[in-house]
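Heads up: the sequence lines are chains A and B, in that order. Just so we're aligned: the first sequence equals residues 17 to 192 in the working numbering. Just so we're aligned: the second sequence equals residues 782 to 1278 in the working numbering. See below for the structure under consideration.
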Amino acid sequence: MHGRSAGDGVRDLSMNYTFIHNGKEYSVELKRNGDNFTAQIGEVKFNVTNVDSEQNIMVFSLKDIRFAVYHARTGNLHYVNIAGENYVYEQIVGVSYKSTEGGGQKGNSVSSPMPGLVVKIPVAVGDPVEEGVVLAIVEAMKMQNELRAPRAGTVKKIYFKEGQQIDALKPIVELE
Amino acid sequence: MFKKILIANRGEIAIRIARACRELGIIPIGVYSEIDRTSAHLNFMDSAYHIGDSPPQASYLNIGRIVEIAKKAGVDAIHPGYGFLAENTHFARACADSRIMFIGPSAESLALVGDKVASRNTVKKANVPIIPGMEGAGKEISSFKKMAAQVGYPVIVKASMGGGGKGMRIVRCEKELEDSISAGQREAQSAFGDATVYLEKYIEKPHHIEFQVMRDTHGNVIHLFERECSIQRRHQKIIEETPSPILDQTMRMQMGAAAMKVITAADYVNAGTVEFLVDGNKKFYFLEVNARIQVEHPITEAVTGVDLVMQQIRIAAGDPIGIRQEQLAQHGHAIEARIYAEDPENKFMPSPGMILDLREPQGPGVRIDSGVYKGWDVPPHYDPILSKLITWAADRQQCVARMRASLREYIILGIKTNIGFMDRIMATEVFKKGDYHTHFIDENIHELMPAYDHMHAALIAAAISASRGTRMNIVTDPGSKQGTTPWQELGAWEICR
């Protein structure tokens, strides 16, 4: 899809893209002008020239500095490598991203950031727990991860048993 | 010489062993777990056998099944690689009972050196200095408490059958002791199939320096110099180099001689590694014997020119080593960076998932031992090692520069890796000087975090990519059974039009 040149009827279109990187939100307003773009991030404007991309490599210039960027995406996740630095962005599509402030839902349960094996659940339903107490131990890639209570509370529900295989980001233990 | 060898391992080391087999005219036979059906190592084998479900206990640690397959395939020998069953006495014995040569030391020497407690006692008798600690595996919590009080905190709890930092816990006060022991036991059980742990004095800020040794069935013994392995995270080496920047020739020869004493005392045959801790006063202590080919063996190969895996196979077949100590020298400098699927910004949390793009560095003095490919889903069941990047150059400074340039060339997208982290380590003054101890990463973790200097350019690239809905870059998850729809392929610009 690369290599479309000016004159194909796509002009002056402005799109806004929102990405999350390490919990921080970034917005990029992208305007296409033939093979070039203008991009605005916050207050800063960039002229993006000489854009060319092939397979997973994208080349462009910003203020006469040439960047060769490796990128790939799967779903809403964008992986970008630039001069040895790696960036992982989650693209927010559709509804605007709601900050976690006042969300309230976060912190009620623990889940594993990756698939693994539930090795131990040292708590039972009804147990009062302090903040930082281990609620579950999950093993993945030969490493045991201790999942600790994000706050003090009472154990409301336990979704898995010891010895069970779990998926990433599924609640294991929920607090009241 | 053997005709067929079964390689009881996976990933990069299985491929490394298969290459040595090929060069020796031996047929390599592979094995795989359920999730490893599509793993890279199988492409290097003449035939491959399914050995069980994905968890290691059901497959790569399944002694009965592996021996059964070895008999069925009609192999003469089994190479265990590293990890899994590499230092498992029961496995070595099961091989011997089935008249299959285990490529490694005998079950008896394995039992001796693989058991950290027994090996400490043997080494002590051979007049090689050891770290003060337990002379027997601890059973009662009281025996741990007693020894800890005797040698003084901090102490370290270690898996008796362990290696690679698994099952290891540093304990700074008595209050932490009991929890650390049970955590160590659980990890040891899972990683080695044996929950035995013991305790010794913990030496603060040591250098971890090991010697490659080799002994044949004719009693010839040589050492192939040292590897400096002090760059560690979670007690696991991630960067190794040889020669060690802190050893002088006198100390090198003393430690080499001690290493040879250790394996001779243990009547150890085959390639092995004698690990030492070196304290702030450059006093060295025997740490343990690693009775296997090591992850970091390529740097020794780079400076000595000796193919260690081929030597392992020859020694197991009864050949003499054929190299005399005085013929060996260290030529130039070599460094290895272990490339892991993990997130250094998040406590080195493993990061399994699909590799969306992969570009490996090339050029003079660059070697890659890799076990992955583009489009492969890195499974969550095993050690997160993806590959090893090894550079060689005439001197250390050039070798570091070559490694850093190669890391810059190494592109892996789709999962998190430690590639950038490796480069940031090598950019530090401490690493450049070469005088670093095993706590280097812990003490400098904040300085080792990425600066994200190119955030704007990276965001722009992501936005342009998003604007195109680039069909060619989307690798669909084969597990999801959903392909991309025509709408997804069109992308935002086309929809706007």
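Heads up, the beta-carbon is just placed ideally off N, CA and C, and yes, glycines get one too. On a predicted model such as this, the values are computed, not experimentally measured, just so you know.
- The straight-line gap separating the alpha-carbon atoms of M1091(B) and K186(A) is approximately 46 angstroms.
- If you draw a straight line from the Cα of I807(B) to the Cα of Q931(B), it comes to about 53 angstroms.
- The beta-carbon of S941(B) is placed no less than 7 angstroms from the nearest beta-carbon of chain A.
- Close CB contacts of D1124(B) within its chain, under the 7 angstroms cut and outside five residues either way in sequence, are with M1130, S1132 and K1197 (chain order).
- Assignment of beta strand (DSSP E) within the region 1125-1201 of chain B, counting only whole runs of 3 or more residues, yields 1138-1140, 1147-1151, 1166-1174 and 1192-1194 in chain order.
- Under a 10 Å Cβ-count criterion, V1147(B) is classified as buried, with 16 or more other Cβ atoms of the shown protein chains found around its own Cβ.
- The beta carbons of Y813(B) and R797(B) sit about 16 angstroms from each other, so the pair does not count as a contact at 8 angstroms.
- Distance from the CA atom of I153(A) to the CA atom of N1127(B), rounded to whole angstroms, is 17 angstroms.
- C802(B) carries a helical assignment under DSSP once its states are collapsed to helix, strand and coil.
- Annotated as distal: L1137(B) and A184(A), with beta-carbon spacing of 7 angstroms or more.
- Not a single CB atom of chain A sits nearer than 7 angstroms to the CB of H1218(B).
- Residues T870 of the same chain have their beta carbon placed closer than 6 angstroms to that of A892(B), with the five preceding and five following residues left out of the count.
- For the pair of segments examined, the region 1235-1246 of chain B was found not to touch the region 1046-1065 of chain B: the number of CB pairs separated by less than 8 angstroms stays below three.
- Around F83(A), the beta-carbon contacts reaching into chain B at under 7 angstroms are A1238.
- In the assembly as shown, C876(B) is a buried residue. Its beta-carbon has 16 or more other beta-carbons within 10 Å.
- As a beta-bridge residue in DSSP terms, L1058(B) pairs with H989(B) and Y1066(B).
- Shortest Cα-Cα distance from A899(B) to any of Y979(B), M928(B), A929(B) and A873(B) involves Y979(B).
- No residue range can be given for S820(B), since it is assigned to no alpha helix (DSSP H) and is classified by DSSP as neither H nor E.
- Shown here for D975(B): same chain residues with a beta carbon closer than 6 angstroms to its own, the five before and five after excluded, namely M942 in chain order.
- Residues of the same chain with a CB within less than 8 angstroms of the CB of P1160(B), apart from the 5 flanking positions on each side, are I816, D817, S835 and P1133 in chain order.
- The alpha-carbon of M1207(B) is positioned some 22 angstroms away from that of V96(A).
- Its Cα nearest to that of G1103(B), the residue G1000(B) stands out among K1018(B), E1117(B) and G1000(B).
- Secondary structure note for R874(B): its alpha helix (DSSP H) is the uninterrupted segment T870 to D878.
- Taken in chain order, the unbroken stretches of beta strand (DSSP E) that lie wholly in the region 993-1025 of chain B and span 3 residues or more are 1002-1014 and 1017-1023.
- Contact between E155(A) and G1201(B) does not hold, since the beta-carbon distance rounds to 26 angstroms and is not under 8 angstroms.
- Across the region 50-61 of chain A, CB contacts with chain B closer than 8 angstroms involve F53, A55, I57 and V60, in sequence order along the chain.
- Of all residues in the region 960-979 of chain B, only A964, R967, E968, S971 and A972 come within less than 9 angstroms of chain A when Cβ atoms are compared, listed by chain position.
- Counting along the chain, G965(B) sits inside the alpha helix (DSSP H) bounded by residues E955 to F973.
- Per the C-alpha coordinates, the member of F1065(B), Y1154(B), A1247(B) and H1016(B) positioned closest to T819(B) is Y1154(B).
- Annotation: L163(A) is outside any alpha helix (DSSP H); the continuous beta strand (DSSP E) that includes it extends over M159 to R164.
- For the pair G919(B) and T977(B), the Cα-to-Cα distance works out to about 8 angstroms.
- At the C-beta level, I832(B) and P809(B) stay beyond 7 angstroms of one another.
- One Cα belongs to A929(B), the other to E981(B), and the distance between them is close to 7 angstroms.
- Counting of Cβ neighbours within 10 angstroms places R82(A) among the exposed residues, the total staying below 16.
- Across the structure, E1210(B) and Y1217(B) are spaced so that their CA atoms are roughly 10 angstroms apart.
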